[in-house]
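Taking it in order: structure first as structure tokens, then the write-up.
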Amino acid sequence: MSSSKVIIVAAGRGRRLGPETEDIPKCMVRVAGQPILHWQLRAFAAAGLSDIVVVRGYLGDRIDGGRAALAFVDNPHWANNNILASLLCAAEHLPGGFFFSYCDIVYTPEVVARLAAAARAANAAPVSLIIDRCWADAYQGRTLHPVSEAELTQVDGQGQVARVGKGAVARDKAVGEFIGLAYFSAAGAAALRALWDGALAAGGLEAPFGLAATLRQSYLTDALNVLADQGLLIEPVFIDGQWREIDTPQDLAAAQAIVGGWARPSSK
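Heads up: the sequence shown begins at 1166 in my numbering, then just goes up one per residue.
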């Protein structure tokens, strides 16, 4: 494992959560009594990962790590771009490799432990993605965030990720859903940076990229698909549940009891 750095992209507002994010950013919304971010920090800390960088935007000064020390990178254009552009705001932290997380997901320490084990393996791929094989269970009654918004994942004949993302994979071809938790080795991080720099040079932020209308609005999954097409090995690391996404009030309500059954993280 070339790096123990963690980058959490937490720049967006999370408008779909309505009043929950009027006064705080999405990562600080409480689930089972604790902010989403604190559940994440607890899981990383259990795996010995404490070098945390948070890319912030909307109400970024209200992000609080509790007892954990955080480094911050600001995305001044958070309202006009998406996850990939936010991640590349932290470009100086990419060399050497990094763990990556969306800001609106909670997961048990076991999920991070599984990803860290994959990163440490002698034959580790340049990129590893946590893929939930039980993804369909969470979509029962999830009308505000339907299956069409799932980041479904397809693998090739060698078991490597061939395609991932919203609208990129048919349901009958999916082996699971990418939850938004990943590891990039030094080689994977270098490939991602080279892809970004090449896209900027070729067309700039307003040119189409992947399935996105513009590079500015692209998801991380758009970059992953291009990297896969270029032949970069992207390894699926499978889990069966043990996480929740908090995107809508419906998600938040459904997660309260599930997440509340996990051991609670310490807070300040």
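Think of the CB as a built atom: it goes at the ideal place given N, C-alpha and C, for glycine as much as any other residue. Owing to the predicted nature of the structure, the values given are computational and were not obtained by experimental measurement.
- Excluding its 5 nearest sequence neighbours in each direction, Ala1356 has C-beta neighbours in its own chain below 7 Å: Pro1291, Leu1392, Leu1397, listed in chain order.
- A residue is called buried once 16 or more other Cβ atoms fall within 10 Å of its Cβ, and Gly1177 is buried on that count.
- Between Ser1215 and Ala1236, the beta carbon gap of about 11 Å keeps them out of contact (Cβ cut-off 8 Å).
- The three-state reading of DSSP puts Ala1233 in coil, since its state is none of H, G, I, E or B.
- DSSP links Pro1311 through a beta bridge to no other residue.
- The closest CA to that of Gly1231, considering only Asn1246, Asn1240, Ala1210, is found on Ala1210.
- Counted as a single uninterrupted DSSP element, the beta strand (DSSP E) harbouring Arg1328 occupies residues 1326-1329.
- In the three-state DSSP reduction, Gln1415 falls in the helix class (H, G or I).
- Sorting Gly1369, Leu1385, Asp1297 by C-alpha distance to the C-alpha of Leu1376 places Leu1385 at the top.
- Under a 10 Å Cβ-count criterion, Gly1330 is classified as buried, with 16 or more other Cβ atoms of the shown protein chains found around its own Cβ.
- Take Trp1427, set aside five residues on each side of it, and the residues of its chain with a beta-carbon closer than 7 Å to its own are Thr1273, in chain order.
- According to the DSSP assignment, Asp1362 belongs to the alpha helix (DSSP H) that extends over 1351-1367.
- If the five residues before and after Leu1182 are omitted, its C-beta is found closer than 8 Å to the C-beta atoms of Lys1191, Val1194, Ile1411, Asp1412, Thr1413, Pro1414, Leu1417, all from its own chain and listed in chain order.
- A Cβ-Cβ separation of about 5 Å places Ala1351 in contact with Gly1261 under the 8 Å criterion.
- Around the beta carbon of Pro1401, 16 or more other beta carbons lie within 10 angstroms, which makes this residue buried.
- When secondary structure is reduced to three states using DSSP, Arg1181 falls in the helix class.
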